[in-house]
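First comes the structure, then the notes that go with it.
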Amino acid sequence: MKKKIKIKLNGKMRAINHNSTLFNIVKKNKIPLTKVAVELNQEIVNKKKIKSIKLKNNDKIEIVHFIGGG
Amino acid sequence: MGTGKYKTMQECAKAIKLSGAEIVTVAVRRVNITDKKKPLLMDYIDPKKITYLPNTAGCFNSKEALRTLRLAREIGGWKLVKLEVLGDKKNLFPEMIETLKSTEILTKEGFKVMVYCNDDPLMAKRLENSGACAIMPLAAPIGSGLGIINKVNIKIIRKQTKLPLIIDAGLGQASDAAIAMELGCDGVLVNTAIAKAKRPFQMALAFKNAVIAGRQSYLSGRIKKTLYGSQSSPKLGII
Chain F
23 MKKKIKIKLN
33 GKMRAINHNS
43 TLFNIVKKNK
53 IPLTKVAVEL
63 NQEIVNKKKI
73 KSIKLKNNDK
83 IEIVHFIGGG
Chain H
2 MGTGKYKTMQ
12 ECAKAIKLSG
22 AEIVTVAVRR
32 VNITDKKKPL
42 LMDYIDPKKI
52 TYLPNTAGCF
62 NSKEALRTLR
72 LAREIGGWKL
82 VKLEVLGDKK
92 NLFPEMIETL
102 KSTEILTKEG
112 FKVMVYCNDD
122 PLMAKRLENS
132 GACAIMPLAA
142 PIGSGLGIIN
152 KVNIKIIRKQ
162 TKLPLIIDAG
172 LGQASDAAIA
182 MELGCDGVLV
192 NTAIAKAKRP
202 FQMALAFKNA
212 VIAGRQSYLS
222 GRIKKTLYGS
232 QSSPKLGII
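Line by line, the protein sequences give chains F and H. Just so we're aligned, residue 23 is where the first sequence starts under this note's numbering, counting upward by one. Just so we're aligned, residue 2 is where the second sequence starts under this note's numbering, counting upward by one.
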């Protein structure tokens, strides 16, 4: 069995494969990259580089977009 | 126009079109990972046709507001943003110390900051000196529909600044927008008054007409107010 690590994605705990990249997560969740911003441990991520960002245990990812608001 | 509180995205998009608004405020929130079928704002309101103004609504300190706007810039590259740092959950008045601090930082980072603020001329001046690109004083508490409470202050702010002055929050009906424009404002930002009207499309159109009427009225040079009457018909030739 593949080794798993735990991350938090938009506030929810997830178990993902060891050695996953941020790109794997974005792809798996079908996130339209051009319409979002991605934050890893409170730091904004350069979307062009997400293929090379490997996730570690306890990483916190936030993916945000625009919604209706005042 | 604000894009919150509408029943559907379609309703929101149609109201915006009818109002003639050129800029809409939007909020930055988490993507819904579990429900991917949820409609996206950008599918209904095209950011290429209408200017998106990312807003920090819901932020209660400078740190949250800065984080939100840095993320907003990352989404679409927008540098024009609306800063709104609230200080009280009930009256939703702006926390001006945090607002001022945030304006300074954001301006240094290259943002163009339109600032939601109190109707206080002194604070408006300080915001201007800190690099704000537009002053956005409240008419009354957000969503209250009370209309412009302090017209004198708005007039004073108008006299002292050359920056765009936009009334933000608290308008309740179209005539409130006309009054704002007659006071010399450059525009109004409206959300609840349209979104929560019984007939939002009609109200959107009413606001459009009111803004145009108010602006024309302001530019026309109104008559002086007098205590006594002055007849409109000539006295000459009275029978």
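We put the CB at the ideal spot given by N, CA and C, even for glycine.
- Counted as a single uninterrupted DSSP element, the stretch harbouring I136 (chain H) is not any alpha helix (DSSP H) but the beta strand (DSSP E) occupying residues A135 to P138.
- Nearest CB-CB separation between E110 (chain H) and chain F: not below the 8 Å threshold.
- I34 (chain H) sits in coil when the DSSP states are folded into three classes, being neither helix nor strand.
- Counting only runs of 4+ residues, the alpha helix (DSSP H) found wholly inside the stretch 15-87 of chain H occupies 42-45 and 63-77, in chain order.
- Contact annotation for L55 (chain F) against chain H: no contact, minimum CB-CB distance about 10 Å [criterion: below 8 Å].
- Of H:I98, H:A178, H:A211 and H:W79, the smallest CA-CA separation from L87 (chain H) is found for H:I98.
- Think of a sphere of 7 Å around the beta carbon of V58 (chain F): the chain H residues whose beta carbon falls inside it are V32 and I76, in chain order.
- Within the same chain, and ignoring the five residues on either side of K76 (chain F) in sequence, the residues whose Cβ sits closer than 6 Å to its Cβ are T43.
- Counting only residues of its own chain and dropping the five nearest sequence neighbours on each side, N151 (chain H) has a CB closer than 8 Å to the CB of D120.
- Three or more Cβ pairs closer than 8 Å define a contact, and the stretch 93-110 of chain H meets that threshold against the stretch 125-135 of chain H.
- Burial is judged here by how many other beta carbons sit within 10 angstroms of a residue's own beta carbon; P235 (chain H) has fewer than 16 and is exposed.
- Not flagged as an interface residue toward chain H: F45 (chain F), since no C-beta distance is shorter than 8 Å.
- Rounded to whole angstroms, the separation of the alpha carbons of P40 (chain H) and G21 (chain H) is 23 Å.
- Going by DSSP, K49 (chain F) is part of the alpha helix (DSSP H) stretching over L44 to K50.
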